[in-house]
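Protein chains in written order, with our numbering: chain A, 12 to 218; chain B, 80 to 709.
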Ligand code: HEM
Ligand SMILES: [Cu+2]
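In structure tokens form, the structure reads like this:
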């Protein structure tokens, strides 16, 4: 399977599903995402019910805490990274390995940028006294956004592994499904962030 | 590598290594079965201790604190570590054969799921030796659990977190397997009902376990890392736990009972010697139960104070579940009706199951009436209800299926005579134990009490109930004896042990070779093996492909290593609140082991290997003599 060499002409139409293993991975990642949606739904629901709740006289509220400009930049970084991973998949379809690697690397860079801003944001909150144990609100906020952040880290490690591991050998029917699954996962992370941006930051600032 | 199958005897070390690294669904099925039986025995023993304590009023056989530990560990173990793995055992062993697959979709993940479950279970049970077991009930309500002293609750949270991850992984694996790995011609509406119920039950796992994971995580960080999800002085809210727990908890009971339904839907047609009545309505009812199962969680919270409107909605939704369940019951009866019934041990269990389960369903509908539930809630009536559905439905399915599928799984048959005796002792014991508990509940006896005052009219019923529990224990011991005797009996080396097998798993000769069917079978309709027999096909099945090389997955030790990593990390988290210096390093080392093995798994190609035609032929001749699987 990994020994077969392809050209753009012989490369199958749906390379990510051309083998049994590939098809299993493709279905599997979608099924996994279904369960991950439930996971996030539970954390979202908890966040909404604990929003602004804290010990008597708590000074932090969503309306005062969150700042849209930072969240907006983060959103843009992540949305763009989704777009670049689409480019990578476009090149995967055309059996252009260099294109895949380049666009996946750009995706990683954008993801790292997002992560850096998120770390800065957390650091800032902790610095002004809004730590994880400060209130029910803070616990819920850090858990929700942190769970997403953890997904970003996992996605980044996964994609970096793929880029490094396959750097020397090019595309084949064994690693194409892996790239594809990673990119689906990355899109999912992006969609979750859109909800976080809306529910936590936009609705938070509106009060 | 494939010579493994042909060689005769292996040393102990090699066998052990084989089981630690195996990704074969049949071996994992056996491992699930034995692990499940082990925990079933432990939890049954805990139940026996509780019933001895409650045998007479004002007893002091165990202390109140110990009693709380016993009832918590009994419930938790039975649901998560006994019923689930026992059913997973059958799913692993049978479903790939039923759909004509070589293995599951992700054999590696299958093994990972097992080891996570097993090490999580071991972790939970270490609590007995390390300062006390959890004691807040299997429901672990936050209001009770948050400040429970000692590490009991921490063991519960971390142990279930690990084993729950394993269950979720296995669930995903079964779904993908059933979607992608069916043999040619095995359309969805030709799938046997056990495969269908496995699919729906796995889908419920998919959506039900994440809320539990989240709830357990909140409990974990609240107790061990100072978060405030449930602490009301910090703005938290304990009702969040109740919701998350029951959004998981109610689907969980259907996760367990649907495969049990599936198993009986396999057993009944074989011994009624009739096609399953109303196949498509059975499928429909399964899907509907799965769907409705997510709409009713608040019937466990009627007395929490959600308000009359919420209670009314959840009451109606709960009652609606009785409709598809009733459809199934009528279909089973109609299957038996007019059949030429052979009353074997599996069929005995099926015949015992129908009325017992119906009784449990009826009390369920009674509890669904919210105003009445104010009276019944947290009384022995509830205990009677759920034991009627769980023992009458799930345990009978497991015992019956052990007899039914033992020939396929072990190439040996359990003893029928001993089986009949076991059935009657267990079945009578079960009704003695739980029937009278309905009335104890109506008379006001609350559940989860460690003793009671004499002369309230409860003495006799409690005594009888304890006698029944002892009979159930004897039944289980007899079953274990049966298993041991059978291990020494002669191998069957036959196909279609019961003579009336209908679905694909009966078409294969036992012992089943490690690659299952040597050629992928071609499915021509529902009950494919029966169709072939009917058409006079002596070879079992017709095949969709010529005899050729077979592609198989490689064994791997990584799943075990990954699971050990989480196990180590859990110890670090557990002792974190004690302020010991090594807790964070241990967490990091443990998770490091897990992550490192995941990365290793990702970068190291795993392409499997091929069993060549000659080896296939040699294996078949070795197993079945000249002529192979004919
Ligand atoms: C027609 C079907 C059913 C209905 C209408 C029903 C209804 C209910 C209701 C309303 C309760 C809550 C009672 C209370 O705590 O006040 C309950 C408890 C329970 N039911 Fe059912 N049930 C049904 C079937 C099942 C099945 C099939 C199972 C398991 C396989 C099951 C397992 C349980 C358990 C374990 C509890 C108690 C949980 C606890 O508090 O520890 N039920 N049921
Ligand atoms: Cu329920």
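All C-beta atoms, glycine included, are put in the ideal place defined by N, C-alpha and C. Being a predicted model, the structure only gives us computed values, none of them experimental.
What three-state label does DSSP hand residue i in the structure shown?
i: residue 175 of chain A; result: helix
i: residue 322 of chain B; result: helix
i: residue 375 of chain B; result: coil
i: residue 629 of chain B; result: strand
i: residue 568 of chain B; result: coil
i: residue 164 of chain B; result: helix
i: residue 458 of chain B; result: strand
i: residue 600 of chain B; result: strand
i: residue 691 of chain B; result: coil
i: residue 525 of chain B; result: strand
i: residue 576 of chain B; result: coil
i: residue 622 of chain B; result: strand
i: residue 182 of chain A; result: coil
i: residue 58 of chain A; result: helix
i: residue 685 of chain B; result: coil
i: residue 657 of chain B; result: helix
i: residue 5 of chain A; result: Because chain A in this structure spans residues 12 to 218, residue 5 of chain A falls outside the shown range and cannot be described.
i: residue 178 of chain B; result: coil
i: residue 407 of chain B; result: helix
i: residue 85 of chain B; result: Note on residue 85 of chain B: pLDDT 45, under 50, position unreliable in the model; no value is reported.
i: residue 35 of chain A; result: helix
Around the Cβ of residue i, are there at least 16 other Cβ atoms within 10 angstroms (buried) or fewer (exposed)?
i: residue 615 of chain B; result: exposed
i: residue 127 of chain A; result: exposed
i: residue 624 of chain B; result: exposed
i: residue 170 of chain A; result: buried
i: residue 271 of chain B; result: buried
i: residue 212 of chain A; result: buried
i: residue 138 of chain A; result: exposed
i: residue 607 of chain B; result: buried
i: residue 453 of chain B; result: exposed
i: residue 103 of chain B; result: buried
i: residue 75 of chain A; result: exposed
i: residue 627 of chain B; result: exposed
i: residue 31 of chain A; result: exposed
Sorry if obvious, but does the Cβ on residue i come closer than 7 Å to a heavy atom of ligand 1?
i: residue 465 of chain B; result: yes
i: residue 400 of chain B; result: yes
i: residue 367 of chain B; result: no
Using C-beta distances below 6 Å, list every residue in its chain close to residue i, excluding the 5 sequence neighbours before and after it, in chain order.
i: residue 504 of chain B; result: 550, 553, 554
i: residue 421 of chain B; result: 350
i: residue 199 of chain B; result: 238, 241, 242
i: residue 201 of chain A; result: 89, 93
i: residue 327 of chain B; result: 287, 290, 291
Got a sec? Which residues, its chain only, sit under 8 Å from residue i by beta carbon, not counting five neighbours each side?
i: residue 173 of chain A; result: 115, 186, 189, 190, 193
i: residue 41 of chain A; result: 195
i: residue 85 of chain B; result: A caution first: residue 85 of chain B carries a pLDDT of 45, below 50, which makes its placement in the model unreliable, though a value can still be read off. Around residue 85 of chain B: 694, 697, 698, 701.
i: residue 234 of chain B; result: 202, 203, 205, 206, 209, 212, 213, 653
Please check if any C-beta of chain C sits within less than 8 Å of the C-beta of residue i.
i: residue 251 of chain B; result: Within the model displayed, chain C is absent; protein chains A and B are what it includes.
Got a sec, what are the start and stop residues for the alpha helix (DSSP H) residue i sits in?
i: residue 69 of chain A; result: Taken as a continuous stretch (DSSP letters only), residue 69 of chain A belongs to no alpha helix (DSSP H), as it is neither H nor E.
i: residue 129 of chain B; result: 104 to 132
i: residue 143 of chain A; result: Per DSSP, residue 143 of chain A belongs to no alpha helix (DSSP H) and is neither H nor E.
i: residue 112 of chain A; result: 108 to 138
i: residue 189 of chain A; result: 187 to 207
i: residue 195 of chain B; result: 186 to 205
i: residue 97 of chain A; result: 79 to 104
i: residue 608 of chain B; result: 607 to 613
i: residue 427 of chain B; result: 424 to 447
i: residue 274 of chain B; result: 272 to 303
Tell me whether residue i counts as near ligand 2, meaning its Cβ is closer than 7 Å to at least one heavy atom of that ligand.
i: residue 332 of chain B; result: yes
i: residue 379 of chain B; result: yes
i: residue 362 of chain B; result: no
i: residue 375 of chain B; result: yes
i: residue 329 of chain B; result: yes
By Cβ distance, which residues of its chain are closer than 7 Å to residue i, with the 5 residues on each side in sequence left out?
i: residue 108 of chain A; result: 181, 182
i: residue 596 of chain B; result: 179, 587
i: residue 336 of chain B; result: 468, 472, 473
i: residue 521 of chain B; result: 460
Can you determine whether any heavy atom of ligand 4 sits closer than 7 Å to the C-beta of residue i, and answer yes or no?
i: residue 322 of chain B; result: The model on display carries ligand 1 and ligand 2 but not ligand 4.
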